Amino acid sequence: MASPFVSSLRSSLGVNANNATTSASSNASTGKKAMVSLFDGLDLALSESGAVVSNAGGRSAAQELIASKNAEKQAEAALAASRDLKRQQQQKQKKEQPVTALTQALGLFDQELEQRDSFVSRNQRRQKSNKKTRGSATTARGRRQRQEKYKHV
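Numbering-wise (full-length UniProt numbering), the sequence shown opens with residue 1 and increments by one.
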């Protein structure tokens, strides 16, 4: 079964079952002419680099889409370049700052605080998971008070 494109090509060439006995060279030349005429209607051409270029005088939707994609790529490249430049500048600033006793002391103090906070938070998590509360009254009283309460009962 022939595809719609082939059937439309045959109809434009005037090929049918009756005149299928014509010479192959004449069919090839008329076929090439028909193909060229079909693609000329699309206003497309190949550039020297092999890319498809539109010959349409006005801006088509496809051209606008390609232009917007290219603009997005350029914007992303510019953004990445600016980020890289900013990182490099920050690294230079860090390298330029002299190491003094005060900066070392502050760094050690920050490390100790972070370690203490992480330790305290781990301990608090452990304590919360181990507590068994049966009501608000038992949490407010100590162990000895609870024992004395149950002795009188």
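Note that beta-carbon positions come from the ideal geometry of N, C-alpha and C, so glycine has one too. Computed from a predicted structure; not experimentally measured.
Start and end of the alpha helix (DSSP H) containing residue i?
| i | result |
| --- | --- |
| Glu76 | 61-96 |
Name, in chain order, the residues that DSSP records as bridge partners for residue i.
| i | result |
| --- | --- |
| Val53 | Ala45 |
Among the residues of its own chain, which have a CB less than 8 Å from the CB of residue i, if the five just before and after it don't count?
| i | result |
| --- | --- |
| Ser47 | Val53 |
| Thr103 | Gln97 |
Could you name the residues of the same chain whose beta carbon sits closer than 7 Å to that of residue i, not counting the 5 residues immediately before and after it, in chain order?
| i | result |
| --- | --- |
| Gly50 | none |
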